[in-house]
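The block underneath contains the structure these notes are about, expressed in structure tokens.
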Amino acid sequence: MTRSWFSNPIAWDGFGYFLYLPLLLIHNDLGMTDPAIVQGMFATYAPSDTFYQAHLAPTGHWVIRYTPGLALLHMPGFLVAHARAAPLGYAADGLAMPYQVAVLITSLCYLWVGLFSLLRFLRTLVPGVTPAVVVTLLLYGTNLFDQAIEHPLMTHLYTFALRAALLWSTHRLHAAPDARKALLAGTIMGLLVMVRPTNAIALLIPLIWPLQQHGPLSKWGPIIAAHRGALIGFVTATAIPVLLLLLYWRLYAGTWLYN
Numbered sequence: 001m002t003r004s005w006f007s008n009p010i011a012w013d014g015f016g017y018f019l020y021l022p023l024l025l026i027h028n029d030l031g032m033t034d035p036a037i038v039q040g041m042f043a044t045y046a047p048s049d050t051f052y053q054a055h056l057a058p059t060g061h062w063v064i065r066y067t068p069g070l071a072l073l074h075m076p077g078f079l080v081a082h083a084r085a086a087p088l089g090y091a092a093d094g095l096a097m098p099y100q101v102a103v104l105i106t107s108l109c110y111l112w113v114g115l116f117s118l119l120r121f122l123r124t125l126v127p128g129v130t131p132a133v134v135v136t137l138l139l140y141g142t143n144l145f146d147q148a149i150e151h152p153l154m155t156h157l158y159t160f161a162l163r164a165a166l167l168w169s170t171h172r173l174h175a176a177p178d179a180r181k182a183l184l185a186g187t188i189m190g191l192l193v194m195v196r197p198t199n200a201i202a203l204l205i206p207l208i209w210p211l212q213q214h215g216p217l218s219k220w221g222p223i224i225a226a227h228r229g230a231l232i233g234f235v236t237a238t239a240i241p242v243l244l245l246l247l248y249w250r251l252y253a254g255t256w257l258y259n
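What follows is the structure, given as structure tokens:
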């Protein structure tokens, strides 16, 4: 249930992004074969006027129309809330107050990740207090803070945070390539695509980055040969989250790509 001073963030589109977690971790019914599960959620929490967040696929399963990236990012907070819900006197149903608070805390954590990553990256380009001023203006001069507080289950905040982290991790990767940094950058890239498939355009960041140091593509051969392990690590780490999304569509929608 909600409180007058606290608006339930697990509602409307946010409910669709979040729905993977209670379905998978509590009900073990990601295909929504039991309609009573979602009906119970609507009867208790009324996340929206209608259940528009999923479509009935030809396979007979209901398929969530939103990608599972946000659910994956919120999984740690969900698990903590699930462990504490019953001891605190709340229903351990995936949507009660502890889960709602966990969503807000998680969004603030990713806000910090994004701002910190951007600050670290800007400090590699501009000395002095300028990076801190830029980050402060970004926080208070745009709707970024509003997104974290009022819309913590929308993709905008997480796209910002992950892209900022990708900038910083890509800088570190190209400054001193190794497998660990490549895996980190690749994982961030894969999560970006899972959050929103159009974020695949961010792949241009690590791809174009070497141009500033090494010039045209014709000069990349020795670079790739010298850091083949890091490249393989990046590609593998990027592919794993994307593969999870494709497998979800294949298992429940019956096709590798589903819209």
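Going by this note's numbering, the first residue of the sequence shown is number 1, and it counts up by one from there. Beta carbons: idealized from backbone N, C-alpha and C, even for Gly. A quick note: this is a predicted structure, and the numbers were derived from the prediction, not measured.
- Message: What would DSSP say about Ile26, mapped onto helix, strand or coil?
- Response: DSSP places Ile26 in the coil class of the three-state scheme, outside both helix and strand.
- For Trp168, which option in Leu115, Leu72, Glu150 has the closest C-alpha, if you only look at C-alpha atoms? Nearest C-alpha to Trp168 among Leu115, Leu72, Glu150: Leu115.
**Asked** When the Cβ atoms of the stretch 100–112 are set against those of the stretch 26–33, are three or more pairs found closer than 8 Å?
**Response** No, because fewer than three Cβ pairs between the stretch 100–112 and the stretch 26–33 fall closer than 8 Å, the two stretches do not touch.
What is the residue span of the alpha helix (DSSP H) that Leu183 lies within? Element bounds for Leu183: 179–195.
Rounding to the nearest angstrom, what Cα-Cα distance links His61 and Arg196 in this structure? Within the model, the alpha-carbon separation for His61 versus Arg196 is close to 22 Å.
Min CB distance Thr159 to chain B below 8 Å = The question asks about chain B, but that chain is absent: this structure has only one protein chain.
If I measure Cβ to Cβ from Leu122 and keep anything under 8 Å in the same chain, skipping five residues before and after, which residues do I get?
Correct list, in chain order: Thr130, Pro131, Val134, Val135.
Looking at the secondary structure, which residues open and close the beta strand (DSSP E) in which Val63 lies?
Bounds of the beta strand (DSSP E) holding Val63 are 62–64.
query: For Leu19, which residues from the same chain have a beta carbon less than 7 Å from its beta carbon, with the 5 sequence-adjacent residues on both sides left out?
result: Annotation for Leu19: Gln53, Ile64 place their beta carbon closer than 7 Å to its own, counting only its chain and skipping 5 residues before and after.
| task | List the whole-angstrom C-beta distance separating Leu173 from Ala230, where the pair is believed to meet the contact cut-off of C-beta under 8 Å. | result | The Cβ separation is near 7 Å, so the contact holds.
- Item | Close-in-space but distant-in-sequence residues of the same chain around Leu56 (CB under 6 Å, 5 per side omitted) | Cβ neighbours of Leu56 beyond the five flanking positions: Trp62.
Practice item. Starting from His174, trace the alpha helix (DSSP H) both ways and give me its first and last residue. Key: Run containing His174: 155–175, per the alpha helix (DSSP H) assignment.
Checklist entry - At a cut of 8 Å, does the stretch 135–145 reach the stretch 188–208 through at least three beta carbon pairs? => result They do not touch, by the three-pair rule.
In the DSSP assignment, find the alpha helix (DSSP H) that holds Ala148 and state where it starts and stops.
In the DSSP assignment, Ala148 falls within the alpha helix (DSSP H) that extends over 144–150.
Considering only the alpha carbon of each residue, which of Leu243, Ile201, Thr170, Thr236 lies closest to Pro210? Distances from the alpha-carbon of Pro210 to those of Leu243, Ile201, Thr170, Thr236 put Thr170 closest.
Leu56, DSSP secondary structure in three states: Residue state, collapsed to three classes: strand.
Check: Should Arg163 be labelled buried (16 or more other beta-carbon atoms within 10 Å of its own) or exposed?
Finding: Flag for Arg163 reads buried.
#### Entry: DSSP-derived helix/strand/coil call for Phe51
Looking at Phe51 - three-state DSSP - the assignment turns out to be coil, as it is neither helix nor strand.
Review point. Residue range of the alpha helix (DSSP H) that Ile10 falls in?
Key: Here Ile10 belongs to no alpha helix (DSSP H), and DSSP marks it neither H nor E.
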